[in-house]
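A short worksheet on the structure shown next.
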Ligand SMILES: [Ca+2]
Ligand SMILES: [Ca+2]
Ligand SMILES: [Ca+2]
Ligand SMILES: [Ca+2]
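Here you go:
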């Protein structure tokens with residue numbers, strides 16, 4: 386696409402701001418040009434960005450509902466000193482003992498850690514693998530299909546801006562007893578932010594979709610699995626700023642497709658529709674006209690439970706200015722899958738610094754609610770929200786409730802049965818790159834109160 390050439394021709398379009406903009410999974414938005422939605426997705430009009438240094442536009446809003454009793458929170462995992470850098474948390478029963486565990490990417494330790502649930506609500510932390518170069522996403526999947534859970538780790542090499550080929554993709558192969566050997570699948574490439582597994586060519590072997598932020602140069606690729614940890618890479622898109630790839634059969638033809646979020650020179654979501662043989666047709670299904678929209682993450686869920694996978698999407702990146710923080714257009718939205726590759730945009734709600742949108746049926750009522758954490762907010766204000774619930778009335782109308790004001794600066798959240806109650810709990814990870822360095826935590830467990 387010509388867009389590709391344009392994107393690559395304006396590297397680091399604002400170096401000063403770029404210095405303040407960094408880069409991990411769930412990363413920044415910045416100098417996007419007007420990139421309007423195609424293929425039936427109709428985003429709301431967004432304000433143009435506020436020039437750096439200008440006061441933020443005030444928006445009127447009714448006082449938020451607050452419920453600090455919805456979850457009980459406590460730290461889990463090892464104690465920390467200094468400023469924690471947790472870039473990603475996920476839940477999975479890694480050892481398949483029937484209890485859901487927690488995995489986290491710790492960029493101070495350069496490790497993926499495993500918090501094994503040893504008894505209901507009790508966790509023991511161990512290092513799954515260290516000496517990983519800035520891990521920012523851990524995907525649990527039985528990649529070699531031998532009956533145990535492997536982990537695919539996306540590594541940026543360095544979470545702060547860098548255009549060097551320092552990214553890596555590492556497969557941690559489970560020996561069946563939770564001993565993991567590391568196999569580099571990619572090395573010395575533009576910084577890797579996300580990787581997911583799917584069989585794109587239908588040969589029975591799991592392939593990979595990979596997001597690479599890079600900095601001035603990045604890409605989205607897929608890697609055909611040839612067996613024996615050998616792969617053949619094919620570039621799907623050459624643009625910097627890819628922060629997430631998600632896999633689902635979006636167009637309903639039974640072949641897994643790929644959605645990718647781009648957040649550097651553009652703020653766009655791409656759909657790569659799979660022929661079923663590993664050839665892809667791309668189109669843009671969302672684009673913001675606001676060059677500082679602040680795209681921070683996507684996830685897949687069937688939000689309206691019509692059988693078609695939808696896309697949850699947050700914009701809340703706050704690193705684009707010398708004054709990192711909230712912006713009035715930050716929030717959460719979803720792209721409703723209307724079938725055959727068409728999507729319809731819906732705003733869910735405003736939320737300063739929104740990151741890591743997930744859908745979870747919090748009340749076991751067969752309705753998907755939405756949870757988000759805030760990475761960037763007015764943290765000097767003790768009432769700034771750090772964890773927010775958008776409760777779904779069952780018709781995809783959402784009511785916002787603030788669940789917590791601290792810890793602050795959380796950028797990743799995952800849900801699962803983390804207390805043996807059968808009800809969803811949450812786990813969050815915090816990443817402190819900017820002051821204030823107070824109300825800090827590393828990993829926080831949020832469990833529903835005992836009935
Ligand atoms: Ca387990
Ligand atoms: Ca395959
Ligand atoms: Ca498909
Ligand atoms: Ca749906």
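Residue numbers (this note's numbering): 386 to 836.
Note that the Cβ used here is the ideal one computed from N, Cα and C, for glycine as well.
- Residue 766 is classed as exposed because its beta carbon has fewer than 16 other beta carbons within 10 Å across all chains shown.
- Residue 488 sits away from residue 470, with the two beta carbons spaced by 8 Å or more.
- In this structure, residue 630 places its C-beta atom within 8 Å of the C-beta atom of residue 595.
- In the DSSP assignment, residue 784 is bridged to 776.
- One residue list follows from the rule of a beta carbon closer than 7 Å to any heavy atom of ligand 1, given in chain order as 478, 479, 480, 481, 482, 483, 484, 485, 486, 501, 502.
- Residue 627 holds the alpha-carbon nearest to the alpha-carbon of residue 604 among 627, 655, 583.
- Under the criterion of beta carbons closer than 8 Å, residue 464 and residue 816 do not qualify as touching, at roughly 17 Å.
- Taking 8 Å as the cut-off, the beta carbon of residue 809 is found no closer than this to the beta carbon of residue 735.
- By alpha-carbon distance to residue 477, the top candidate from 492, 744, 754, 533 is 533.
- Judged by beta-carbon spacing, residue 803 lies within the 8 Å limit of residue 485, meaning their Cβ atoms are closer than that value.
- Note that the segment 609-620 does not touch the segment 679-698; fewer than 3 beta-carbon pairs, one per stretch, sit closer than 8 Å.
- Closest in alpha carbon position to residue 520, among 585, 526, 508, 541, is 541.
- For the pair residue 511 and residue 501, the Cα-to-Cα distance works out to about 8 Å.
- Note: residue 449 is not bridge-paired with any residue in the DSSP secondary-structure output.
- DSSP places residue 812 inside the beta strand (DSSP E), whose first and last residues are 810-815.
- Looking at the backbone, the Cα of residue 639 and that of residue 461 are separated by about 40 Å.
- The beta carbon of residue 801 lies closer than 6 Å to those of 476, 485 in the same chain, with the five residues before and after it left out.
- Residue 555 and residue 688 have their C-alpha atoms roughly 31 Å apart.
- Residue nearest to residue 456 within the set 591, 557, 788 is 788 (criterion: CA-CA distance).
- For the pair residue 648 and residue 739, the CB atoms are not nearer than the 8 Å cut-off.
- The beta carbon of residue 459 sits closer than 6 Å to the beta carbons of 830 from its chain, once the five residues preceding and following it are set aside; these are given in chain order.
- Counting only runs of 4+ residues, no alpha helix (DSSP H) is found wholly inside the segment 457-517.
- Secondary structure at residue 607: strand, using DSSP grouped into helix, strand and coil.
- Rounded to the nearest angstrom, the Cβ distance from residue 796 to residue 758 is 6 Å, consistent with a contact under 8 Å.
- Residue 565 sits in a strand when the DSSP states are folded into three classes.
- DSSP places residue 547 in the coil class of the three-state scheme, outside both helix and strand.
- Excluding its 5 nearest sequence neighbours in each direction, residue 597 has C-beta neighbours in its own chain below 8 Å: 552, 574, 575, 576, 577, 578, 603, 604, 605, 606, 627, listed in chain order.
- Proximity to residue 670 across 726, 702, 660 peaks at 726, based on C-alpha coordinates.
- Annotation: the continuous beta strand (DSSP E) that includes residue 830 extends over 828-832.
- Pairing residue 525 with residue 570, the inter-Cα distance amounts to about 16 Å.
- Burial state of residue 657 is buried, judged by a 10 Å Cβ sphere holding 16 or more other Cβ atoms.
- Here residue 662 is exposed, its C-beta having fewer than 16 other C-beta atoms within 10 Å.
- A distance below 8 Å separates the beta carbons of residue 612 and residue 590.
- Spanning the alpha carbons of residue 653 and residue 673 requires a straight line of approximately 7 Å.
- Counting of Cβ neighbours within 10 angstroms places residue 751 among the exposed residues, the total staying below 16.
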